[in-house]
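Sequential numbering from 2 applies to the sequence shown in my numbering. Where a beta carbon is used, it is the ideal one built from N, C-alpha and C, also for glycine. Nothing here was measured: the structure is a model prediction, and the numbers come from that model. Read through the structure below, which is laid out as structure tokens, and then see the notes.
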Amino acid sequence: IKLKADLAGYSMWMTNAGVFAIGTMLAFGLGGWLWLKGAVTLGTVYLIYNYTELLRDPIAQLRHQLTELQQAEASIKRINTLLTTSTRLADGPQPDHVLPTGPLAVELTNVAFSYADEPDEKVLDDLSFALQPGRVLGLLGRTGSGKSTLARLLLRLYDPTGGTLR
2 IKLKADLAGY
12 SMWMTNAGVF
22 AIGTMLAFGL
32 GGWLWLKGAV
42 TLGTVYLIYN
52 YTELLRDPIA
62 QLRHQLTELQ
72 QAEASIKRIN
82 TLLTTSTRLA
92 DGPQPDHVLP
102 TGPLAVELTN
112 VAFSYADEPD
122 EKVLDDLSFA
132 LQPGRVLGLL
142 GRTGSGKSTL
152 ARLLLRLYDP
162 TGGTLR
């Protein structure tokens, strides 16, 4: 989408440059013709050219703002997609249950996870552990070993493909 916005901005810039090149030629051509006829002075020819140049910056700013508007539109679409995304997991049997204040326990039982674009490649497989309230767990591992994926599963940004999180 950014590429589309950049291409649109470039095409608007080219159109803008072409229009002003033609406008400058017309201003000098018409001004020169009127000067040769004695209808205007050389100062008037310069003023005609100068007035056309005064339009260049505001029109360039409009072009820039249109490009930014297209980028903002793409961002709004991504935000809207995020806001309308819902989890595929159902809530537990007690939807009115209020969580206690303070630290909570975390329990993972046989958790598995695969990304949608590579369902056969498991990032996490048969992961089980229990963390008591108030305890801290450090995760160490190489790049791509599943640390960030596990954090996203705990925050329910991802849904596990197998097992349970409590």
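Express the C-alpha separation of residue j and residue i in angstroms, rounding to a whole number.
{"i": "Q66", "j": "D58", "result": "12 Å"}
{"i": "L31", "j": "G19", "result": "18 Å"}
{"i": "T68", "j": "L155", "result": "38 Å"}
{"i": "D127", "j": "D7", "result": "46 Å"}
{"i": "A9", "j": "L56", "result": "21 Å"}
What first and last residue would you give for the beta strand (DSSP E) that runs through residue i?
{"i": "E108", "result": "107–115"}
{"i": "S129", "result": "123–132"}
Could you check how far apart the C-beta atoms of residue i and residue j are, in whole angstroms? I think they sit under 8 Å.
{"i": "A28", "j": "I60", "result": "The pair is not a contact, with the Cβ atoms about 15 Å apart (cut-off 8 Å)."}
Is residue j closer than 7 Å to residue i when the C-beta atoms are compared?
{"i": "T53", "j": "G24", "result": "yes"}
{"i": "G164", "j": "V107", "result": "no"}
{"i": "L125", "j": "G142", "result": "no"}
{"i": "T110", "j": "S129", "result": "yes"}
{"i": "S115", "j": "T162", "result": "yes"}
Terminal residues of the continuous alpha helix (DSSP H) containing residue i?
{"i": "T1", "result": "The structure shown has nothing for residue 1, since the chain only spans 2 to 167."}
{"i": "L155", "result": "148–155"}
Counting only C-beta atoms, is residue i closer than 7 Å to chain D at any point?
{"i": "T162", "result": "No chain D is present in this structure, which holds just one protein chain."}
Check the DSSP bridge columns for residue i and list the partner residues they point to.
{"i": "T165", "result": "T110"}
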